[in-house]
Structure formats: C-alpha cells, structure tokens
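Taking it in order: structure first as structure tokens, then the write-up.
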Amino acid sequence: MRESMRAKWFLLYSLVFGGAIILLFSFGITESQVLGFAGVDRVLIVYIQLCIVILPIFILISTVRSVVGDKETSVLEYFLSMPVSLFSYFWGKFLGKLLVVFIPTMFAFLAALLWGLVKDLHVSWPIVGYYIALLFSIVICFLGLGMFISSIAKKVEWALGLAFLSWLTLLLFIDVIMIGLMLKHQIEESIIIGITLLNPLQVFRVASIILFDPQGSILGPSSFVILDFFGRENFLLFSLAYPVLIGLVLATSGYYLFKKGDLV
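Each residue of the sequence shown is one higher than the one before, counting from 1081 in my numbering.
Written out as structure tokens, the structure is:
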C-alpha cells in the first residue's frame, strides 16, 4: 500500500479527482439549475458521471500490474522465500489497492460535501450515503477485473492491453453496441435493456440517475422497463450488490488461476 501511494499514478489519480471537484465548483455548478438539479446535488451527479468514464480505467491500469508485474521483476519470488502464503499475498494486494483507489475518490467526494456545508447548501444525506456505497461497489468490481487480468496475463504489456480493451468494450457496450443492435435487428426493447444491464457501468449510471430522478424521466422509455421490473428500491439494492458480486467472483477466479499457474 505504501508503495502504491508513493507511485506517480497515485499522485495523478488524486489530482484528477481532486481537480474535477475544484473545476465543478469554479464553473459555478452549484449556482445553476438543470432538470431540477441544483447545489451539491448537481455537483454530485456530475461527479458521478465523470467517475463512470475515469474511475474504471485508472483502477484497471494500476491493478493489472500487481501480480504479473511482481512476476516479471522477481518480487513474487522474493515473497515466496518468506513465510507469506499465496492467499495473504493475493488478497493483501487486493485490499491494499482497494484502500489506495478509494481514498482519493472519497476525499474528493467529502470535499464537495464540506463545500456545501460551508455555503449552507442543501445536502441529502441518504443520497450521499448511497453514492458512497455505489462508488465502493464499482471500485470492487473493477479491482476484481484488474486482479483477474493480472493473474492470467504473462506480461505487463498484455495485461495493460487487456485492461484497456475491457474498459473500452464496457464503455462502448453502454451506447454504441446496444443501440446498433436495436436499430439493425429490431430487437425488443426489454431484451436490449436486460442485456445492457449486464454491464456494471450501465447499472452504475442508471442507479446514479434514478436516485435523483425517481420517475426516470431523464432516462426516457427505458426507465419504465427497469422500474416496472425491479421497482426503484430493489433496483438501487441490485446496483450495489451486482458490481460487488462480479468483482469478488473475478477476484476469486483470479486467485485460483494464480495459485494453480506458474508462480515465477
């Protein structure tokens, strides 16, 4: 963990999320109102939408080096010479990365809340609590994916390539691929939406909007399908549990592949 916090990527990562909050305030986001969102609420929803794009790639790039990087530099061989179990090594990496990634995100989030309190702006504390849990769930999801990629890759370059490809696929999967399928094959809307919700980024995005917009008017017709099937409260719970489940399954799969594969 100390090594990660000294790394240049951690400084850049902290500057990106801290700078994002500063820019949002400097542009007067809290003073304007769009679609009924104003004050700290609007800052938070814009910040969450930025996290959808930026957070996953930062997590993946920093995490995929963990195991395969230690193999290439013989650090893993050094660890194996000490009384450290493979379980402790792998999950220690996972928990360390979790703290290192989540801390800057939370600091930026708390900075927005502090500014709102100083300016005497309205702060919806239940929404704040849910957003923190939502960020935590998506962090675990992509940490699990990163550890899985790091376990199966033979070289750091391959791991970085797979990380970028995974991020790009999930990002494009949200809009381009699904819209293209719907237009070309005239697939039923409910099926398209169901397939789309397999993507944790899409679940993250929809939950962040539904939280502020209970009727789902911003999402358009797709919101009626989602809310009719799940219900608002059930979907918000699903949005927390689903990314965590994916992350833990991928991390566990990565651990067993790492344990059974070539360690040096």
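No residue lacks a Cβ here, since even glycine has one placed at the ideal position from N, Cα and C.
Ala1243 places its beta carbon 8 Å or farther from that of Val1148. Our two residues, Leu1291 and Gln1282, have alpha carbons roughly 14 Å apart in a direct line. Put simply, of Lys1340, Ile1272, Ile1139, Gly1334 the residue whose alpha carbon is nearest the alpha carbon of Phe1216 is Ile1139. By the neighbour-count definition (other C-beta atoms within 10 Å, threshold 16), Ala1213 is an exposed residue.
Across the set Val1180, Pro1163, Lys1339, the C-alpha of Val1180 shows the shortest separation from the C-alpha of Leu1223. Leaving aside the five residues that flank Gln1129 on each side, none in its chain has a CB nearer than 6 Å to its CB. Per the coordinates, the alpha-carbon of Ser1165 lies some 47 Å from the alpha-carbon of Ser1303. Put simply, of Pro1206, Ser1270, Val1286 the residue whose alpha carbon is nearest the alpha carbon of Ile1218 is Val1286.
Secondary structure at Lys1339: helix, using DSSP grouped into helix, strand and coil. The alpha-carbon separation between Val1208 and Leu1124 amounts to approximately 8 Å. Thr1153 is positioned such that its CB atom lies no closer than 8 Å to that of Lys1177. In the three-state reduction of the DSSP assignment, Ala1233 falls in the coil class, being assigned neither a helical nor a strand state. Counting along the chain, the unbroken alpha helix (DSSP H) around Ile1275 starts and ends at 1269-1276.
It is roughly 5 Å from the alpha-carbon of Leu1156 to the alpha-carbon of Asp1150. DSSP places Arg1145 in no alpha helix (DSSP H); its state is neither H nor E. When the five nearest sequence neighbours on each side are left out, the beta carbons in the same chain lying within less than 6 Å of the beta carbon of Leu1250 are those of Asn1279, Leu1281, in order along the chain. Following the DSSP letters along the chain, one finds Val1155 inside the alpha helix (DSSP H) bounded by residues 1155-1160. About 7 Å separates the beta carbons of Ile1306 and Ile1273, which is inside the 8 Å limit, making them a contact pair.
If you draw a straight line from the Cα of Thr1185 to the Cα of Trp1195, it comes to about 16 Å. Looking from the CA of Lys1173, the closest CA among Ser1146, Leu1325, Tyr1158 belongs to Ser1146. Shown here for Leu1328: same chain residues with a beta carbon closer than 8 Å to its own, the five before and five after excluded, namely Ile1220, Gly1224 in chain order. For the options Phe1159, Pro1323, Tyr1336, Gly1334, the alpha carbon positioned closest to that of Pro1136 is the one of Pro1323. Along the segment 1164-1229, the alpha helix (DSSP H) occurs as fully enclosed runs of 4 or more residues at 1166-1198, listed in sequence order. Around the C-beta of Trp1247, 16 or more other C-beta atoms lie within 10 Å, and the residue is accordingly described as buried. Between Phe1310 and Ile1132, the C-beta gap is not smaller than 8 Å, which leaves the two residues out of contact. Its chain contains Phe1170 as the residues whose beta carbon lies nearer than 6 Å to that of Tyr1335, once the 5 sequence neighbours on both sides are disregarded; these appear in chain order. Annotation for Gln1282: the continuous alpha helix (DSSP H) segment containing it runs 1280-1292.
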